[in-house]
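Engineer: Just so you know, the UniProt record's numbering puts 31 at position 31 of the sequence shown, and the rest follows in order with no gaps. Ideal Cβ placement from N, Cα and C applies to all residues, glycine included. Remember, predicted model here, so these are calculated numbers, not experimental data. Supplied in structure tokens, the structure appears directly below.
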Amino acid sequence: MQCVWCEEESAKETTSSVYWELPDGTRAIEITDTPTIECTECGMMYQDDQLIEEVEDHLVLINIKNVPNCISYDALMAEPKLLKRNYFRF
């Protein structure tokens, strides 16, 4: 897999903890076991654009008051949605 930062073919899929600011800006949460791309050449760890959009949309669609300060990626994505889709995304 090619790294988007250094463009070397040394990236691999893994998981890591990430920190995400909630849409209302009241706090940030830790999301553990988040799908991550890690490059062994340059050391960058990042999430692809599709995953970022999925997490951001999901945080808009759920009751964020119920989300603890630390939650696994799978548990976060299993939180029930209050809306069918993100009507704010164009």
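Roughly how far, in whole angstroms, is the beta-carbon of SER72 from the beta-carbon of THR32, given that I think they are within contact range, below 8 Å?
Structural biologist: About 5 Å; that satisfies the 8 Å criterion.
Engineer: Could you pull out every residue in the same chain whose Cβ sits closer than 7 Å to the Cβ of GLU30, ignoring the five residues on either side in sequence?
Structural biologist: Same-chain partners within the cutoff: SER17, TYR19, ASN69 and CYS70.
Engineer: Closer than 8 Å by C-beta to GLU54: which residues in its own chain qualify, once you throw out the five before and the five after it? Chain order, please.
Structural biologist: Counting only Cβ-Cβ distances below 8 Å, and skipping sequence neighbours, we find MET77.
Engineer: Is the separation between the beta-carbon of THR36 and that of GLN50 shorter than 8 Å?
Structural biologist: Against a cut-off of 8 Å, the Cβ pair of GLN50 and THR36 comes out as no contact.
Engineer: Let me know if ALA11 comes out buried or exposed under the rule of 16 or more other beta-carbons within 10 Å of its beta-carbon.
Structural biologist: Looking at its Cβ environment, which holds 16 or more other Cβ atoms inside 10 Å, ALA11 is buried.
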